[in-house]
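The number in our numbering is simply the position in the sequence shown, starting from 1, with 39 added. Note that beta-carbon positions come from the ideal geometry of N, C-alpha and C, so glycine has one too.
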Amino acid sequence: MEWLLSILFVTHQFFGGNFDLFYIMALLLILKDILFFRYRNISTTFIFLLPIIIIFILQILMLHDLNVEKGIASVGKMFLCLYLLNAVKNNFSRINVTKLYKYAVLLLMLLFVTSLFVKTDVFWVFNDLTNKFLTTRLKLLYIEPSELSFHAAVLALFILFYNNNCEKLFIDYENLLYLIILLVIMAYSGGLGGIVLVLFTVIFILSRDNLKKSTVVRKIVYIYIILCMIPIIFIFINYFQSSIVLRLQAIMSGSDSSFNYRVFKGFNGMKACLASNPLLGIGFGNLNTDYYEYMLLSYGLVSKIANSFMYAIAEGGLLFLFYLSYLFVYMWKHINNDTFKYALLIFIFLYQIGGGYFTNPINWIIYGVILSDSAKERAEVS
Numbered sequence: 040m041e042w043l044l045s046i047l048f049v050t051h052q053f054f055g056g057n058f059d060l061f062y063i064m065a066l067l068l069i070l071k072d073i074l075f076f077r078y079r080n081i082s083t084t085f086i087f088l089l090p091i092i093i094i095f096i097l098q099i100l101m102l103h104d105l106n107v108e109k110g111i112a113s114v115g116k117m118f119l120c121l122y123l124l125n126a127v128k129n130n131f132s133r134i135n136v137t138k139l140y141k142y143a144v145l146l147l148m149l150l151f152v153t154s155l156f157v158k159t160d161v162f163w164v165f166n167d168l169t170n171k172f173l174t175t176r177l178k179l180l181y182i183e184p185s186e187l188s189f190h191a192a193v194l195a196l197f198i199l200f201y202n203n204n205c206e207k208l209f210i211d212y213e214n215l216l217y218l219i220i221l222l223v224i225m226a227y228s229g230g231l232g233g234i235v236l237v238l239f240t241v242i243f244i245l246s247r248d249n250l251k252k253s254t255v256v257r258k259i260v261y262i263y264i265i266l267c268m269i270p271i272i273f274i275f276i277n278y279f280q281s282s283i284v285l286r287l288q289a290i291m292s293g294s295d296s297s298f299n300y301r302v303f304k305g306f307n308g309m310k311a312c313l314a315s316n317p318l319l320g321i322g323f324g325n326l327n328t329d330y331y332e333y334m335l336l337s338y339g340l341v342s343k344i345a346n347s348f349m350y351a352i353a354e355g356g357l358l359f360l361f362y363l364s365y366l367f368v369y370m371w372k373h374i375n376n377d378t379f380k381y382a383l384l385i386f387i388f389l390y391q392i393g394g395g396y397f398t399n400p401i402n403w404i405i406y407g408v409i410l411s412d413s414a415k416e417r418a419e420v421s
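Here you go:
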């Protein structure tokens, strides 16, 4: 199972976002549940989906320009994402997570080595207009370089925090090697969000834990890890892609086109979408219609808002924002002082503020991990 899941993790976007292999996996699992009369995951998913259905019905009744077909497709994708959330929530303790992330890193490394000798647009983005500091960027089998960086960042968090690996990082050289491989891949992708947010999450979590733990030895270990991690990350960033440092400077000065596109132009586009009906937005799926694509173009947005939360709020309005807020509060209450889940929640929340794709199945799989009752089982599985 771990090999299959790791292959899916590395290849799931190969056929594009709308034909994500995790959607197909969810459909197959739903079909299996129906054939074997196992309706637990399906019924629980509908409970999670019910507020979204209510919002969609209100949109049908009150929004005159709603494209119902696209709305049904959008709600359907959210149903699949919520199903994956529940499937992971109920089955995470059965997976050997250590094997899973090791297999995934090895697959990424194999693809990365192949890409160095096979310069094709399957693995690379050439003449990237959104990043003036790095026009040739690694993407491997993902839809864009930032998605490669995002997936590598998720694996890095698993390596660092699953079963408190962070404390053993410089003793367990295998995990350290995997982490270095991921840092190299992220540097070649030029995906700043993944790199910066992993660094921020590590520093935040270790600083928090260091304050909570009173023993001198543990404080020394955390300080040592932080002091070692910072130069290692920046050495690799500077050595492999100094353009990332230049891009950080551009973001701080407000001149980075990619950051401005995802955040500032995305916010202006979202605000314009909420102008006519703040509570309901423009309707699920309507950002993919010709009218709103043309409207967003006037705000400098090419066909879509490239920001997870802003995209979702633009389509679902403030009612959907309330739903998302409740979902994250619900996840927060299920952390139960689990550092691993805490790190995942911080990362996925901050990442979706600055970019990402709302119906990316990996987001919802991470939600499922956070909601799983896995703290005790992890020690037994590993």
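Answer with buried or exposed for residue i, where buried requires no fewer than 16 other C-beta atoms within 10 angstroms of its C-beta.
i    : result
A433 : Residue 433 cannot be examined here, being either before or after the span of the chain that is shown, 40 to 421.
M117 : buried
T153 : exposed
K71  : exposed
H103 : exposed
V157 : exposed
L89  : exposed
M101 : exposed
S246 : exposed
S364 : exposed
A314 : exposed
D59  : buried
K128 : buried
Y331 : buried
L149 : exposed
M309 : buried
T398 : buried
A345 : buried
I244 : buried
E213 : exposed
V235 : buried
Kindly examine the ligand HEM and report whether one of its heavy atoms sits closer than 7 Å to the Cβ of residue i.
i    : result
I264 : Judged by which ligands are present, the structure shown has none, so any question about the ligand HEM falls away.
So residue i and residue j are supposed to be a Cβ contact under 8 Å. How far apart are they, rounded?
i    : j    : result
K178 : F162 : 7 Å
Y6   : G232 : No information on residue 6 is available, as it lies outside the stretch 40 to 421 that the chain covers here.
L44  : L139 : 6 Å
I374 : Y381 : 5 Å
L121 : F87  : 5 Å
L180 : F48  : At roughly 10 Å, the Cβ-Cβ gap does not stay under 8 Å, so L180 and F48 are not in contact.
F151 : I224 : 6 Å
Here's a check: name, in chain order, each residue in its chain whose Cβ is nearer than 8 Å to the Cβ of residue i, leaving out the five neighbours to either side.
i    : result
I73  : I81
L218 : A195, I198, L199, L208
Tell me, which residues are paired with residue i by DSSP?
i    : result
L422 : The first residue shown for the chain is 40 and the last is 421, placing residue 422 beyond what the model contains.
Excluding the 5 residues preceding and the 5 following residue i in the sequence, name in chain order all residues of the same chain whose CB lies nearer than 7 Å to its CB.
i    : result
L123 : F61, A65, P400, W403, I404, G407
L266 : none
K304 : Y338, G339, L340
F306 : M349
M370 : L384, Y406, I409, L410
P317 : G356, L357
L221 : V144, A191, L194, A195
Using a Cβ-Cβ cut-off of 6 Å (strictly less than) and excluding sequence neighbours within five positions of residue i, which residues of its own chain qualify?
i    : result
Y201 : V136, F379
S113 : F323, G324
N327 : K109
G230 : P184, S185, S188
I46  : none
S421 : Low confidence applies to S421: its pLDDT is 46, below 50, so where it sits in the model is not reliable enough to give any reading.
N376 : none
V237 : A192, A195
Check: Which runs of the beta strand (DSSP E) fall wholly inside the segment 40-127 and span at least 3 residues, in chain order?
Finding: You should have found no qualifying run.
Please go through the segment 288-359 and give each complete alpha helix (DSSP H) segment of 4 or more residues, from N-terminal end onward. Under the rule that a run must span 4 or more residues, the alpha helix (DSSP H) segments found entirely inside the segment 288-359 read 305-313, 329-336.
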